[in-house]
Every structure is written in structure tokens, then in C-alpha cells.
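The block underneath contains the structure these notes are about, expressed in C-alpha cells.
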DNA sequence: TTTTATTGATTGAACGTTCAATAAAAAAAT
DNA sequence: ATTTTTTTATTGAACGTTCAATCAATAAAA
């Protein structure tokens with residue numbers, strides 16, 4: 325069945341299959357054979373396109389991270405305003421896009437999160453992402469609060485986002501995205517009000533991205 | 325070297341060694357040989373006392389969970405007051421005892437957290453723990469807030485605790501327990517103030533438990 | 001001498017990787 | 001248009017490694 329130019333297609337297929345396999349049986353039991361079966365190809369092809377299993381796993385994490393970054397920036401680009409409150413809300417909403425598409429993404433994300441503690445390659449990726457979230461939040465909060473308060477607020481908000489998301493991922497029924505978004509936004513309002521910032525009741529932004 | 329009555333000693337040794345091994349190389353590479361080496365015994369002994377590797381892993385998670393429960397109830401028993409605010413603060417503090425002892429506990433906890441998504445045995449344990457935290461928080465908050473608000477607040481506070489703890493576990497330098505505690509308590513104050521509850525500035529409770 | 005605890009070589013299963021073989025498409029030749 | 005050649009994509013059996021579990025042998029205590 326060899327047509328020319330299969331590389332990008334196969335890579336995408338295999339990355340998707342990796343998430344499906346991890347969703348199904350977890351990272352520990354996501355063997356190359358199982359992944360290959362999900363993609364409808366043979367096991368050998370993984371080494372051919374990704375140099376080995378590790379390469380595929382890293383590529384999968386990269387994909388998830390870039391999708392997440394894209395989800396955030398897309399929502400922020402769509403804003404007509406420069407108001408920090410609106411951008412903060414967009415960052416929150418974007419971060420709950422992780423689970424928007426499917427459960428597989430959420431489970432894969434958590435699996436990588438755990439294994440990033442001992443795999444330097446993955447740890448680097450995870451830290452870049454963490455710092456990006458913190459920096460985004462901090463930069464916007466800095467326009468509303470003094471330096472130290474902005475930092476604390478950013479750390480707290482980041483923790484709240486991760487906590488909501490994490491608890492959602494572990495719930496058998498999956499994450500209730502809308503509820504999580506509401507909770508995070510409500511926390512943001514509380515945070516600002518506690519520091520004496522007048523709260524603009526943020527308009528619920530549209531749920532869909534361009535995808 | 326067989327003395328009589330080694331069972332409880334060996335079990336404890338092996339559970340501790342399991343955490344050490346997971347801390348060192350992660351759950352995926354924590355082989356029975358490596359765990360046994362940490363405990364200074366042979367690999368075969370694991371099957372003898374725990375029926376297999378899975379049994380040891382489950383026992384290790386049980387140990388962590390019961391330690392956590394103990395840390396919370398100990399702090400609550402030490403309280404002279406019945407004030408909900410004080411009990412909530414004690415629950416928060418107790419939950420950050422997870423990382424009190426060592427980094428190994430935190431990493432082991434996260435590793436189990438991730439794999440509990442696909443191991444029914446571990447999933448049950450994790451859900452019991454989750455529900456206990458939620459129920460504790462909810463019960464105390466219920467004395468200060470209306471039903472629905474108490475529920476939302478409990479979920480949010482639980483998410484904040486988990487989020488702070490999770491981000492701490494992933495930080496290379498480990499969790500700054502005092503900072504996390506302060507953040508969580510500050511959030512609790514915000515939460516109560518936002519619902520019109522007068523905040524009693526809680527005295528920082530003693531750090532040590534009876535161990 | 002009996003009981004209890006422990007060892008460590010062995011076994012069989014499972015895994016990721018490799019690579020010669022294959023098959024289909026594309027390009028070249030007829 | 002057909003046939004032949006070349007290129008590209010893919011397979012799957014074989015290989016070497018690693019792991020958890022087993023169990024007969026052993027050694028210390030009772």
C-alpha cells in the first residue's frame with residue numbers, strides 16, 4: 325500500500341494511536357504492538373518513523389503541549405479587548421481545552437506528568453509548559469496587582485487550574501469542563517476582589533475554537 | 325539469619341524500600357530486584373510476604389493513605405475547639421504532611437495516582453481517599469455555609485490542595501510545605517470572606533505530630 | 001531435630017528493535 | 001499504452017534482553 329508522502333500521515337496516526345492505547349490500558353501497558361494495532365499498522369513502523377518507542381512518546385507529549393498552547397493563544401487572539409481580566413479568563417478557558425477533545429488526551433497528559441519526574445526529556449517539556457502558564461498568568465495579574473501579590477496569585481491560580489483538571493482526570497466520568505471553568509473563573513474573581521480590584525463580570529466566551 | 329517473627333519487620337522494610345526505589349527511578353523501573361536491594365534482602369522474599377509485586381505495591385499505597393489519614397485526624401484531635409475554621413485549617417495542614425517526611429512519599433503518591441486510572445485495585449483506594457477529603461471539608465463548611473455553597477467550596481478547596489501539592493511534587497526542589505500551607509489557608513479565608521463569614525485569624529498550628 | 005526464614009539460579013513470558021523480504025506505487029523505457 | 005525498472009513504504013519473524021515468579025536448597029533459630 326505504499327503511496328508517496330506517507331510520513332506526516334503515519335506520524336499523526338501513530339501519535340493518535342498512542343493516546344488511544346494509553347487511554348485504554350495506561351502507559352505501562354501501552355506496548356508498541358498495541359499502539360501499532362490501534363493505528364492499523366505493524367510494530368516495526370514505529371522505529372522507522374520515530375527511531376523507537378521513546379521517540380514516539382516524546383512526540384506525543386510535544387503534540388499535546390503544542391495543542392494546549394494553541395488553544396490558549398487562539399482564545400486570546402480572538403479577544404477584542406486588552407483588559408487583563410478577559411485575558412486571564414481566556415487563559416483559564418484555554419487550559420480546559422486539554423480535556424475538550426477527548427478523555428484519551430487527559431489520561432495521556434497525566435501519565436506523562438507522572439513519568440516526567442524521572443525522564444529528563446519529558447521533564448524539560450513539562451517545565452517549559454508550567455513556566456508558560458505561570459508567566460502568562462503573572463504578566464496579566466501584574467497589570468492589576470503589585471509584584472508580590474501578582475506572583476502569589478499566579479501560583480495559586482495555576483494550582484487551582486491543575487487541581488481541578490487533575491481531579492477531573494481521575495473521576496471515572498471524566499471532567500465536567502464547564503463546571504471546572506466556572507470554578508476557576510469564580511476563584512479569579514474572588515482573588516481580584518480580595519485585592520480590591522473591581523470585578524468586570526466576564527462574558528462567557530464562546531466554547532468552540534477554530535480547530 | 326532467620327529469627328522468628330520477621331514478618332512485620334520485613335513488610336515494613338519492603339514498603340519503605342518500594343518508596344525509595346520509586347523515588348529513585350520511578351514506578352516503571354522499580355523492579356523487584358531493585359526494591360529488594362534497597363531493603364537488603366533477596367528478590368524472592370517479596371512474593372513470599374506479599375504474594376507478588378502487585379501485592380507489595382498495593383500495600384505501599386495503603387500505607388501512604390493510612391499515614392495521611394492519621395496525619396489529619398491527629399491534628400484534629402489535638403484541637404481544643406470545635407470551631408469549623410480550626411478544623412478546616414487542620415485538614416489542610418494534615419494534607420501537606422504527605423510531603424512532610426520525605427520526597428519519596430510524594431513521588432510514590434503521584435506515581436500511584438497516575439496508575440490508579442487503569443488499576444481497579446488502586447483506583448478504589450484512591451477514590452476512598454478522595455471522598456474522605458471531600459466529605460471532611462464539606463462537613464465543616466456546611467456549618468458555615470448553605471448546602472450548595474459548601475459543596476462548591478469543598479470541591480474548590482480540595483482542588484487547591486491537590487493542585488498545590490501536585491505542583492510541589494513536580495518541582496525539582498520539592499514542595500515548600502509552609503508556603504503551600506499558607507496559600508491554602510489564605511484561599512480558605514478568601515472563600516469564607518466571599519460568603520460573608522467573619523474570618524477568625526487562625527493561629528498557625530504546631531508543625532510536629534506525634535509521629 | 002524440627003521449624004522458620006531466606007536465598008538465588010532457573011523458567012517462561014513479554015518486550016523493543018532489527019532487517020531481509022515483499023509489495024505497491026512512481027518513473028522510465030519500450 | 002504497456003512493460004520494465006526504480007523507489008518507497010511496510011511487514012513480520014527472529015533476536016537479545018529484561019522481568020516476575022518459582023522452588024529446591026540452605027542456614028539459622030527454637
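Residue numbers (the numbering used here), protein chains in the order written: chain A, 325 to 535; chain B, 325 to 535.
We put the CB at the ideal spot given by N, CA and C, even for glycine.
In the DSSP assignment, find the unbroken alpha helix (DSSP H) run with residue i in it and report its ends.
i	result
residue 444 of chain B	444-465
residue 374 of chain A	368-374
residue 357 of chain A	356-363
residue 353 of chain A	Here residue 353 of chain A belongs to no alpha helix (DSSP H), and DSSP marks it neither H nor E.
residue 430 of chain B	427-439
residue 501 of chain B	501-518
residue 521 of chain B	First-last for residue 521 of chain B: undefined, no H or E at that position.
residue 414 of chain A	408-419
residue 385 of chain A	377-401
residue 404 of chain A	No alpha helix (DSSP H) contains residue 404 of chain A, which DSSP labels as neither H nor E.
residue 486 of chain A	471-494
Report all residues from its chain with a CB closer than 6 Å to the CB of residue i; omit the five preceding and five following residues, and keep chain order.
i	result
residue 420 of chain B	501, 504, 505
residue 434 of chain A	493
residue 341 of chain B	359, 362, 363
residue 514 of chain B	none
To the nearest angstrom, how far is it from the Cα of residue i to the Cα of residue j?
i	j	result
residue 367 of chain B	residue 354 of chain B	12 Å
residue 432 of chain A	residue 383 of chain A	12 Å
residue 361 of chain B	residue 478 of chain B	43 Å
residue 406 of chain A	residue 518 of chain A	22 Å
residue 474 of chain A	residue 466 of chain A	5 Å
residue 394 of chain A	residue 418 of chain A	8 Å
residue 329 of chain A	residue 373 of chain A	12 Å
residue 422 of chain A	residue 493 of chain A	10 Å
residue 441 of chain B	residue 398 of chain A	31 Å
residue 463 of chain A	residue 456 of chain A	10 Å
residue 537 of chain B	residue 392 of chain A	Absent from the model: residue 537 of chain B. The displayed extent of chain B is 325 to 535, so no value can be given.
residue 447 of chain A	residue 436 of chain A	9 Å
residue 401 of chain A	residue 453 of chain A	19 Å
residue 365 of chain A	residue 352 of chain B	26 Å
residue 380 of chain B	residue 390 of chain B	15 Å
residue 345 of chain B	residue 386 of chain A	28 Å
residue 333 of chain B	residue 327 of chain B	11 Å
residue 495 of chain A	residue 496 of chain B	27 Å
residue 443 of chain A	residue 472 of chain B	42 Å
residue 451 of chain B	residue 403 of chain A	39 Å
Check whether the Cβ atoms of residue i and residue j sit closer than 8 Å, and answer yes or no.
i	j	result
residue 370 of chain B	residue 338 of chain B	yes
residue 484 of chain B	residue 482 of chain A	no
residue 487 of chain B	residue 486 of chain A	yes
residue 439 of chain B	residue 350 of chain A	yes
residue 458 of chain A	residue 480 of chain B	no
residue 413 of chain A	residue 335 of chain A	no
residue 468 of chain A	residue 521 of chain A	yes
residue 490 of chain B	residue 490 of chain A	yes
Beta-carbon within less than 8 Å of residue i's beta-carbon, same chain only, minus the 5 sequence neighbours each way: which residues are those?
i	result
residue 378 of chain A	445
residue 347 of chain B	426, 427, 428, 431, 432
residue 376 of chain A	370
residue 461 of chain B	412, 415, 477, 478, 481, 482
Ignore the nearest five residues each way along the sequence and tell me which others in residue i's own chain have a CB closer than 7 Å to its CB.
i	result
residue 470 of chain A	none
residue 343 of chain A	384, 428, 429, 432
residue 507 of chain B	488
residue 331 of chain B	373
residue 531 of chain B	Any reading at residue 531 of chain B needs caution, since the residue's pLDDT is 48, under 50, leaving its predicted position unreliable; the model's value is listed next. Cβ within range, chain order: n/a, list empty.
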